[in-house]
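Peer 1: This is the structure I want to talk about, given as structure tokens.
In this note's numbering, the protein residues as written are 998 to 1373.
Set out below in structure tokens:
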């Protein structure tokens, strides 16, 4: 037996609206048509008898219409054949380009144009630029295919935690080795073939240090104040009233036998350009930061001197004086260069590695507790 259902005018109007919208969604998806989200499609599709200004009893109609509008925006924000990477915040307002190898750039569109938000596959957010109330973050819902990337190269001591952002991101791009896509300050890569081509640059200084910021409470400052009692240290940088340019910094580091690679804070995997600069310039870094074991996860153990290898600053100074007088033993700190090369990292490399990761990554993923993972 067939039962006939009597629909109300509102039900009939709603059913017709859904049919029309589904047809439009299919048409737009196959023809790659962009819809202006400000255009009120309900001025055309609104059934007779339902006005734009409805009273309180008809408030559900507006709610229904807004839900349909949002679904239309989501349906039409489909991924294109090109992978769109959107930089929402340039890190420290520093603009860069992707540094991809060979054909990695094929099909990649890199932009800071926020109007492409609904089409972007990856959106990078630099942590230091995010406001604590998230007021400068995207207001529109995230498209289903889009991943948000948390980008940060500062240590936990030098950046604030944002409670509302703890479960906001899909990927992390950070110096930590357990980051989704590690974005380190540098790296040691293996040569295709071993080479004995290293020539030690001319050296006219024993120990150097370039420092921009100074904090009496930092561990590196306490250690420096003790170390300088036993060995002469050539100091430069804003902290000593002697700013140096990038080129001048390269010349200074190259001219020293040892460079004080003292980090401003001590944190897991926080190994910065203070280490990779001297390694790439033919100078031995004397490091102060995480444990020796942690350093050896990043760089060869024979390429640096760790401050914790010595009971006192005086014993470290004695070792540096000894190496200054024993060239053969000093040169042993460069044997790693026969098989490896030190390279500095870059934001552009991080973007490309994240792009490559996304190509092979599983579908949906999220960082459940960013604050606990990074700040502990």
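Glycine included, every Cβ here is placed at the ideal spot set by N, Cα and C. For clarity, every value in this text was computed on a predicted model and none was experimentally measured.
(1) Can you give me the Cβ contacts of residue 1314 inside the same chain, cut-off strictly under 7 Å, excluding the 5 residues immediately before and after it?
(2) Do the CB positions of residue 1108 and residue 1367 come within less than 8 Å of each other?
(3) Using the rule of at least 16 other Cβ atoms within 10 Å of the residue's Cβ for burial, across every protein chain shown, is residue 1171 buried or exposed?
(4) Count the C-beta pairs between the segment 1174-1194 and the segment 1238-1254 that are closer than 8 Å, then say yes if the count reaches three, no if not.
(5) Any idea if residue 1121 is buried or exposed, counting beta-carbon neighbours within 10 angstroms, 16 or more meaning buried?
(6) Per DSSP, which residues does residue 1369 bridge with? Please list them.
(7) Cβ of residue 1217 within 8 Å of Cβ of residue 1260?
(8) At which residue ranges does the segment 1079-1133 contain complete beta strand (DSSP E) runs of 3 or more residues, listed in the order of the chain?
(9) Given residue 1358, which residues of its chain have a CB within under 7 Å of its CB, disregarding the five upstream and five downstream residues?
(10) With 16 other CB atoms within 10 Å as the buried threshold, where does residue 1137 fall?
(11) Excluding the 5 residues flanking residue 1201 on each side, which residues of the same chain have their C-beta closer than 6 Å to its C-beta?
(12) Assuming residue 1205 contacts residue 1276 (C-beta within less than 8 Å), just tell me the rounded distance between them.
(13) Report yes or no: do the segment 1264-1279 and the segment 1140-1155 share at least 3 C-beta pairs separated by less than 8 Å?
(14) Quick one: what does DSSP say residue 1179 is sitting in, helix, strand or coil?
(15) DSSP three-state label for residue 1301, please.
Peer 2: A quick look at the data gives this:
(1) Position 317 of the chain shown, counted from the first residue, corresponds to residue 1314. Hits under 7 Å: 1224, 1227 and 1228.
(2) By one-based count along the chain shown, residue 1108 stands at place 111. By one-based count along the chain shown, residue 1367 stands at place 370. No, Cβ-Cβ distance for residue 1108 and residue 1367 is not below 8 Å.
(3) Counted from its first residue, the chain shown places residue 1171 at position 174. For residue 1171, the number of other beta carbons within 10 angstroms of its own is at least 16, and it is reported as buried.
(4) Flag = no, the segment 1174-1194 and the segment 1238-1254 do not touch.
(5) As a first step, residue 1121 is located in the chain shown; it is residue number 124 there, counting from the start. Classification of residue 1121: buried, given that the 10 Å Cβ count is 16 or more.
(6) On the chain shown, residue 1369 is found 372 positions in, with the first residue counted as 1. Residue pairing by DSSP places residue 1369 in no beta bridge whatsoever.
(7) By one-based count along the chain shown, residue 1217 stands at place 220. By one-based count along the chain shown, residue 1260 stands at place 263. Against a cut-off of 8 Å, the Cβ pair of residue 1260 and residue 1217 comes out as a contact.
(8) Entirely contained in the segment 1079-1133, the beta strand (DSSP E) runs reaching 3 residues are, in chain order, 1080-1084, 1105-1108 and 1119-1123.
(9) Taking the chain shown and counting its residues from 1, one reaches residue 1358 at position 361. No residues qualify anywhere along the chain.
(10) Locating residue 1137 in the chain shown gives position 140, counting from the first residue. Classification for residue 1137: exposed.
(11) Residue 1201 sits at position 204 when you count from the first residue of the chain shown. Same-chain partners within the cutoff: 1252.
(12) Counting from one through the chain shown, the residue named residue 1205 turns up at place 208. Counting from one through the chain shown, the residue named residue 1276 turns up at place 279. Actually they are not in contact, since the Cβ atoms of residue 1205 and residue 1276 sit about 14 Å apart, beyond 8 Å.
(13) Contact annotation: the segment 1264-1279 touches the segment 1140-1155, with at least three C-beta pairs closer than 8 Å.
(14) As a first step, residue 1179 is located in the chain shown; it is residue number 182 there, counting from the start. DSSP places residue 1179 in strand when its eight states are reduced to three.
(15) Counted from its first residue, the chain shown places residue 1301 at position 304. Three-state result, residue 1301: coil.
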